[in-house]
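What follows is a single structure, written as structure tokens, with notes after it.
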């Protein structure tokens, strides 16, 4: 199954980017000043 070698890294990358976006949103909500983030 050669498709797994291309699907698995994409799924891992998408899940990591999604978790990173959620974490950044949670961090920005925790602190009122978010000048450290580039929006």
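Residue numbers (the numbering used here): 1 to 39.
Even glycine gets a Cβ: it sits at the ideal position worked out from N, Cα and C.
(message) To the nearest angstrom, how far is the alpha carbon of residue 23 from that of residue 15?
(response) Taking the first residue of the chain shown as position 1, residue 23 is located at position 23. Taking the first residue of the chain shown as position 1, residue 15 is located at position 15. Residue 23 and residue 15 have their C-alpha atoms roughly 12 Å apart.
(request) State the Cα-Cα distance for the pair residue 26 and residue 18, rounded to the nearest angstrom. (result) Residue mapping note: residue 26 aligns to position 26 of the chain shown, counting from 1. Residue mapping note: residue 18 aligns to position 18 of the chain shown, counting from 1. If I take the Cα positions, the gap works out to 12 Å.
(message) Suppose you measure from the CA of residue 8 to the CA of residue 21; what does that come to, to the nearest Å?
(response) To locate residue 8, count along the chain shown from 1; it is residue 8. To locate residue 21, count along the chain shown from 1; it is residue 21. Roughly 20 Å between the two C-alpha positions.
(message) How far does the alpha helix (DSSP H) with residue 20 in it extend, from its first residue to its last?
(response) As a working mapping, residue 20 is identified with position 20 in the chain shown. 3-30 is the span of the alpha helix (DSSP H), which, as asked, contains residue 20.
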